[in-house]
Amino acid sequence: MIICICQRVSDRAITQMARSGASFDDIQLELGVATQCRACEGCARELHAQCQSAATAYCRSEGMPMIMPQPSSLRLQAQA
Ligand code: FES
Numbered sequence: 001m002i003i004c005i006c007q008r009v010s011d012r013a014i015t016q017m018a019r020s021g022a023s024f025d026d027i028q029l030e031l032g033v034a035t036q037c038r039a040c041e042g043c044a045r046e047l048h049a050q051c052q053s054a055a056t057a058y059c060r061s062e063g064m065p066m067i068m069p070q071p072s073s074l075r076l077q078a079q080a
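Be aware that the sequence shown starts at 1, since it is given in the working numbering, and climbs by one per residue.
Pasting the structure below:
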């Protein structure tokens, strides 16, 4: 389902980035969601928050570390 009509960003794309540890700012920068009319911002932020809390619950149940690499920091490492 398309969440951001202006940038044609789907819920799947937002979910995928959020589950990999991306912040909402990272998602805005990468996908452009909520950067034009911003009508989608509330829905996109809510979806991001749901994914973050789901990832936290999974990590706690699996005993995994809570710190995940951010896509922006990975880009910096790759450039160095
Ligand atoms: S619908 Fe997302 S910026 Fe317009």
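For each residue, glycine too, the CB sits at the ideal point set by N, CA and C.
Check: Between the CA atoms of L47 and Q11 - distance to the nearest angstrom; Outcome: The displayed chain sequence assigns Asp, not Gln, to residue 11. Each residue's alpha carbon lies about 8 Å from the other.
Check: Identity of the residue in M1, S20 and I3 nearest S53 by Cα; Outcome: S20
Check: Rounded C-alpha distance that separates A22 from C37; Outcome: 22 Å
Check: Beta bridge counterpart(s) of I14 as assigned by DSSP; Outcome: In the DSSP output, where bridge partners are listed per residue, I14 has none listed.
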